[in-house]
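Just so we're aligned: the sequence shown equals residues 139 to 597 in my numbering. Single-structure report; data block below.
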Amino acid sequence: PSTAPPGSELSVLLRCIDGRGFLTPHFSGRVLVSADGPLETPDSVLVGEGNGGVARLSARVRGSGVARIAVRDAGGNLRGQSNPVLCSEAGYTLLWGDLHTHSLVSDGTQEPSYLYHRARDLLGWDFTAVSEHDIWSLGEEHPRTPAELELMRRSADEHYLPGEFVTFQAYEWTHHRLGHRSVIFGPGEELAFFPHTDPRYETPEKLFRALSGRDVIVIPHHTAWKTHAGEMRADFGPAVNGVQRLVEVYSRHGSSEVFGGSPAISHAALVEGLKGKLIRLILGEESAGHQSGSYVRDALAAGHRFGLIAGSDEHLVGVGPHRAPQPFHDGGLAGIYAAERTRESAWEALRRRAVCGTTGERILMELRVNGALQGAELSSDEPPSITGYVLGTDMLESVEVVKFDGTEYSVVWRGGGERECSLSLTDRSFDGDSFYYLRVVQANGHTGWAGPTWVDLTR
Numbered sequence: 139p140s141t142a143p144p145g146s147e148l149s150v151l152l153r154c155i156d157g158r159g160f161l162t163p164h165f166s167g168r169v170l171v172s173a174d175g176p177l178e179t180p181d182s183v184l185v186g187e188g189n190g191g192v193a194r195l196s197a198r199v200r201g202s203g204v205a206r207i208a209v210r211d212a213g214g215n216l217r218g219q220s221n222p223v224l225c226s227e228a229g230y231t232l233l234w235g236d237l238h239t240h241s242l243v244s245d246g247t248q249e250p251s252y253l254y255h256r257a258r259d260l261l262g263w264d265f266t267a268v269s270e271h272d273i274w275s276l277g278e279e280h281p282r283t284p285a286e287l288e289l290m291r292r293s294a295d296e297h298y299l300p301g302e303f304v305t306f307q308a309y310e311w312t313h314h315r316l317g318h319r320s321v322i323f324g325p326g327e328e329l330a331f332f333p334h335t336d337p338r339y340e341t342p343e344k345l346f347r348a349l350s351g352r353d354v355i356v357i358p359h360h361t362a363w364k365t366h367a368g369e370m371r372a373d374f375g376p377a378v379n380g381v382q383r384l385v386e387v388y389s390r391h392g393s394s395e396v397f398g399g400s401p402a403i404s405h406a407a408l409v410e411g412l413k414g415k416l417i418r419l420i421l422g423e424e425s426a427g428h429q430s431g432s433y434v435r436d437a438l439a440a441g442h443r444f445g446l447i448a449g450s451d452e453h454l455v456g457v458g459p460h461r462a463p464q465p466f467h468d469g470g471l472a473g474i475y476a477a478e479r480t481r482e483s484a485w486e487a488l489r490r491r492a493v494c495g496t497t498g499e500r501i502l503m504e505l506r507v508n509g510a511l512q513g514a515e516l517s518s519d520e521p522p523s524i525t526g527y528v529l530g531t532d533m534l535e536s537v538e539v540v541k542f543d544g545t546e547y548s549v550v551w552r553g554g555g556e557r558e559c560s561l562s563l564t565d566r567s568f569d570g571d572s573f574y575y576l577r578v579v580q581a582n583g584h585t586g587w588a589g590p591t592w593v594d595l596t597r
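If you want it as structure tokens, here you go:
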């Protein structure tokens, strides 16, 4: 976990991975363990062959500070390091997981139960949602059946373990011209189905109207994916809608933050040889153009108040990116700043947009404006005070506070250069409604986002 109060016991997941980043069950032996910072760990842990490539160990928080755990095999040939752990009374538990995965109920390759097992036991996530397509429409003739919907409901509820692992009922509204978006249902809200093929729900505005009065959150994703047979452009729908409070800024498809951002959306950039050239020729440019309005920054500037998360869009297709056109980037992670590991607590944080997103690593980020955690909506007649910190999993190449002042984007603070960074500034250029978000780029290429927070000028 990324946060832990002094005196607490932690369960630490050790993953044995190969050069491609995949779990390998073939390693066995004793792994030596050491901790840097206020963590007490055993000296070693035994990894048994055939255990799926994972092992668990316990650690105890001895005091306050930042801790990391290092591991190596007895020969010193294999090494690993944990994400940073903030040992303090942070006031929240940072939950990591993914709200965007698919099983064979739609177009994935594994049963829903495996995705929950993978998230909890093999990846060490705190939450997940299996958000099946309403209808993929390419090779499918009908939307999800009542039996499939019941399986989706039952699987989510059976794998929910209050205090340990959180699941949500969900599905994906998959419109290939107006954009894809996950529909996540809150605690006590039964999964309801509004497929885009039904004329009553065929546009974002109609979908939002149908969802009105329900405890749901709608999350657009890969909004800058121009090509799906060449026709898709993001339609974010009306800015004031009551349900669309988050946006997935990154997934395996690439980044939708801003035109020219990295990694650009592409499904064939790593495919090698003549096959790669042919696929790229057929697919053409896959990222939306500069004037498309499809990027997250476009939507935020247009008045949408989205919290920034990331996801995977994981389908577990069993081929490598060099062999077939498919989403090939590392899957993203969403962070939820919740009080505890329950549906109710995680949902309340999602509603407040107390979230962050990364390209897959547990970069610990916090952004506060006038003391309020990211996602808040504030009013002020004075220059806002902005504070925060970043604990990286690698050297921090760039840490930026990005501002939009109603006219243009700018960077009002920049730092980096170490694995850890704190920030503090007063935005004396504040003279109108503005919002701020944190953008982090590490030396290893991984990126993180936290925010925005909106500050409206009191007139």
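Here a beta-carbon is modelled for each residue, glycine too, at the ideal position from N, C-alpha and C. All values derive from a computational prediction rather than experimental measurement.
By the Cβ criterion, the segment 230-243 is not in contact with the segment 425-442, since fewer than three pairs of Cβ atoms, one from each stretch, lie closer than 8 Å. For S536, the beta-bridge partners assigned by DSSP are V579. Secondary-structure assignment with DSSP links Y547 through a beta bridge to F542.
Nearest neighbour of R552 by Cα position, chosen from S425, G411, G544 and D565, turns out to be D565.
By the Cβ-count criterion, Y339 is buried, with 16 or more other Cβ atoms from all chains shown falling within 10 Å of its own Cβ. For W587, DSSP records a beta bridge to G495 and R577. Under the DSSP assignment, H359 falls in the beta strand (DSSP E) whose first and last residues are V354 to H359. The criterion of a C-beta distance shorter than 7 Å is satisfied by G186 and S166.
Assignment of alpha helix (DSSP H) within the segment 265-320, counting only whole runs of 4 or more residues, yields 284-296 in chain order. In this structure L237 is in contact with F306, their Cβ atoms being roughly 7 Å apart against a cut-off of 8 Å. Annotated three-state conformation of G441 is coil, per DSSP. In the structure shown, the three-state DSSP call for D436 is helix. For the pair P176 and I524, the Cα-to-Cα distance works out to about 28 Å.
For W234, the uninterrupted beta strand (DSSP E) segment begins and ends at T231 to T239.
In the structure shown, F331 adopts coil according to DSSP, grouped into three states.
Around the beta carbon of L416, fewer than 16 other beta carbons sit within 10 angstroms, so the residue counts as exposed.
With contacts defined by Cβ atoms closer than 7 Å, A487 and Y475 form a contacting pair.
Per DSSP, the beta bridge partners of W363 are S425. According to the DSSP assignment, E386 belongs to no alpha helix (DSSP H) but to the beta strand (DSSP E) extending over L384 to S389. Contact between A402 and G414 is ruled out by a C-beta separation of about 16 Å, above the 8 Å threshold. Distance from the CA of T312 to the CA of L345, rounded to the nearest whole angstrom, comes to 12 Å. In chain order, G570 and D571 place their CB closer than 6 Å to the CB of G544, counting only its own chain and leaving out the 5 sequence neighbours on each side.
A contact between stretches requires three or more CB pairs, one per stretch, nearer than 8 Å, and the segment 526-545 fails this requirement with the segment 422-430. By the CB criterion at 7 Å, D264 and G235 fall inside the cutoff. With 16 or more neighbouring CB atoms inside 10 Å of its own CB, V169 falls in the buried class. DSSP places Y475 outside any alpha helix (DSSP H); the residue lies instead in the beta strand (DSSP E), whose first and last residues are L471 to A476.
Counting along the chain, R347 sits inside the alpha helix (DSSP H) bounded by residues P342 to L349. Cβ atoms of E504 and A588 come within 8 Å of each other, at about 7 Å.
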